[in-house]
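Worksheet for the structure shown next.
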Amino acid sequence: MTWWQVTKPAVRGSTVVLSGFHTTQDRRIIGLMSGTSADGIDAAVIRLGEKDDRLSLDVLGFDTVAFPSGLRDRLMEVSDAKTGRIDELCRLHFELGELFARAAFVVAGSTGLSMEEIDLIGSHGQTVQHLPERERRFDVETGATLQIGDPSVIAQRTGVVTVGDFRAADVARGGQGAPLVPYVDYLLFRHPEKARGLLNLGGIANLTVLPADPKPEDVLAFDTGPANMLIDAVARAELGRDMDAGGAAARRGKATESLVTDVLAMPYFEQPPPKSTGRELFGDRCASTLVRAGREAGLSSEDLLATATEITVRSIEDACRRFVIPVVTRLDELIVSGGGARNGFLLERLARVLAPVEISTSDDHGLSSDAKEAVAFAVLADRTVRGRQGSLPGATGADRPAVLGKICLPG
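Taking my numbering, the leading residue of the sequence shown gets 289, the next gets one more, and so forth.
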């Protein structure tokens, strides 16, 4: 029997929390994440403990559950203002909830755990629109973000308390709603002497900067621009494959400087943090423009992939030069995670342009680079049910820290 079933909700100030989660004993938590690539669900089971304000974390299991055939295309359609339909969005919201619940059962089963042994689930859902810039309409001014995959469905199917819709609270406080992983980076990776960068190479590249011996308010974090999103879209167009595995094709090509600088001239790259971005700027439309220009210039598929890879590399280098070094003066180590951590050519290029910064992966520090984001939302769910902040205003631009997410009860 999980803690929430034997205790009543408690009100602390203005924050409603589940009092049964205020415990020092270890918790087993599932984290679920589907990123901007929209090709499947990353699912992690962690054991989480806490002592003297330091987390102890063990990853008990990790799996990636691929989406059914055709679902990615449907998600791309519904995410596009020109092709999206509200009835389709409504159905996908519940269908994805079922698929996320199924992924929770898969990862729990892979570790030999039953759902009765799981204390909590945190689900990011699938982003279909991220519009963080505030706009005035109907006499109100607000940003907006939407993740689908209803956490109530997950809670009902699994019988486990589920936290979802993490980004909305930060947007409501005037923030970007992203990036959210930096608070977990701070909890797990801060170092008393080294200035560290945590670079997640998912569809979008997210950078967290932790000065030596930082306080939460010292953390700088933002989206630098595209990572795998642009590279994968070019791979689909040119190779008929979902990715350029290991960067093998890009390694054989040569980047075209004029196309790189054309993309890097986009206003987003000059915009100072806090900032976040997504498919709206760097998705299939951006990739189509790049591919069309490359073909008109007579570039090979390898050259186009080298160019897309160089755009990711140079945008990260540019972000470090413009926004990171003025804050921390030096960066000792860059710890890379996400699917891009498996792109050897991309990592080699980063090591070259960022030298002498030491490049490692989160695997080198005991946390799977593939599992990191799923793990992060498990940790954030734990903070939510304890009534603790999960966002960093210095990263998102919110006017104050927020307790993130909505708590969905089973039964």
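Positions of the beta carbon are idealized from the N, C-alpha and C atoms, including for glycine. Computed from a predicted model, the values in this text were never measured in an experiment.
- With I613 and S648 assumed to form a contact (beta carbons below 8 angstroms), what rounded beta-carbon distance in angstroms separates them? Reading the sequence shown from its first residue, position 325 is the one you call residue 613. Reading the sequence shown from its first residue, position 360 is the one you call residue 648. I613 to S648, Cβ: 20 angstroms. No contact.
- Message: Just to check my reading of the structure: V441 and V366 have Cβ atoms closer than 8 angstroms, yes? What is that Cβ distance to the nearest angstrom?
- Response: Your numbering for residue 441 matches position 153 in the sequence shown. Your numbering for residue 366 matches position 78 in the sequence shown. In this structure, V441 and V366 do not form a Cβ contact; the two beta carbons are roughly 17 angstroms apart against a cut-off of 8 angstroms.
- Exposed or buried, which one is Q414 when buried takes at least 16 other CB atoms within 10 Å? Here the question's residue 414 lines up with position 126 in the sequence shown. By the neighbour-count rule (16 or more Cβ atoms within 10 Å), Q414 is buried.
- Task: Measure the C-alpha to C-alpha separation of R688 and P681 and round it to an integer number of angstroms.
- Result: The residue given as residue 688 occupies position 400 in the sequence shown. The residue given as residue 681 occupies position 393 in the sequence shown. If I take the Cα positions, the gap works out to 6 angstroms.
- Query: By the 10 Å Cβ neighbour count, where 16 or more other Cβ atoms means buried, how is Q435 classified, buried or exposed?
  - Reply: Here residue 435 corresponds to residue number 147 of the sequence shown, with the count starting at 1. Its Cβ being crowded by 16 or more others within 10 Å, Q435 is buried.
- Message: Can you confirm whether the stretch 555-573 touches the stretch 472-486 when touching is taken to mean that 3 or more C-beta pairs between the two stretches lie within less than 8 angstroms?
- Response: As far as the Cβ criterion goes, the stretch 472-486 does not touch the stretch 555-573, which means the pair count is below three.
- Item | Paired residues, beta bridge with R331 - DSSP | For the purposes of this step, residue 331 is identified with residue 43 of the sequence shown, where counting begins at 1. Strictly speaking, residue 331 in this sequence is Ala, with Arg absent from that position. For A331, which the question treats as bridged, DSSP gives the partners L320 and D351.
- Query: Who are the near neighbours of D453 in its chain, counting only those whose CB is closer than 8 angstroms to its CB and skipping five residues on each side?
  - Reply: What you label residue 453 is simply residue 165 of the sequence shown in a count that begins at 1. Residues G413, Q435, P439, G693 and K694 of the same chain have their beta carbon placed closer than 8 angstroms to that of D453, with the five preceding and five following residues left out of the count.
- Message: Nearest by alpha-carbon distance to A525: which of G571, L508 and P502 is it?
- Response: Numbered from 1 along the sequence shown, position 237 holds the residue referred to as residue 525. Measuring from the Cα of A525, the nearest candidate turns out to be G571.
- Evaluate S576 with the Cβ neighbour count: other Cβ atoms within 10 Å of its Cβ, from every protein chain shown; 16 or more gives buried, anything less gives exposed. Position 288 of the sequence shown, counted from the first residue, corresponds to residue 576. Around the CB of S576, fewer than 16 other CB atoms lie within 10 Å, so the residue is classed as exposed.
- Query: Helix, strand or coil for R688 per DSSP?
  - Reply: Here the question's residue 688 lines up with position 400 in the sequence shown. Three-state result, R688: coil.
- Validate contact between the stretch 354-374 and the stretch 320-333 using beta carbons, cut 8 angstroms, 3 pairs: Contact between the stretch 354-374 and the stretch 320-333 is present, because at least three Cβ pairs lie under 8 angstroms.
- One or two residues paired with C696 in a DSSP bridge: On the sequence shown, position 408 is the one that residue 696 refers to. BP columns for C696 point to T450.
- Message: Considering just the uninterrupted stretch of the alpha helix (DSSP H) at G385, what are its terminal residues?
- Response: Working through the sequence shown from its first residue, we reach residue 385 at position 97. For G385, the uninterrupted alpha helix (DSSP H) segment begins and ends at I374 to S398.
- Message: Closest to R455 by C-alpha separation, out of S625, N494, V428 and P420, would be which residue?
- Response: Counting from one through the sequence shown, the residue named residue 455 turns up at place 167. Ranking the options by Cα distance to R455, first place goes to P420.
- Query: With distances taken from CA atoms, which of D520, R316, A500 and V645 is nearest E590?
  - Reply: Locating residue 590 in the sequence shown gives position 302, where the first residue counts as 1. Considering only alpha carbons, the answer is D520.
- Grab me the residues of G678's own chain with a C-beta within less than 6 angstroms of its C-beta, minus the 5 sequence neighbours each way, in chain order. By 1-based counting over the sequence shown, the position of residue 678 is 390. Cβ within range, chain order: Y471, L668, R671 and L692.
- Message: What does the alpha-carbon distance come out to for the pair W291 and K370?
- Response: Working through the sequence shown from its first residue, we reach residue 291 at position 3. Working through the sequence shown from its first residue, we reach residue 370 at position 82. With a pLDDT of 44 at W291, under the threshold of 50, the modelled position of this residue cannot be trusted; read the value that follows with caution. Rounded to whole angstroms, W291 to K370 spans 46 angstroms at the Cα level.
- Message: Suppose you measure from the CA of K482 to the CA of A643; what does that come to, to the nearest Å?
- Response: In the sequence shown, residue 482 corresponds to position 194, counting from 1. In the sequence shown, residue 643 corresponds to position 355, counting from 1. Going by C-alpha positions, K482 is about 16 angstroms away from A643.
- Message: By alpha-carbon positions, which one of V469, A537 and E661 ends up nearest to L498?
- Response: Taking the first residue of the sequence shown as position 1, residue 498 is located at position 210. When each option's Cα is compared against that of L498, the closest is V469.
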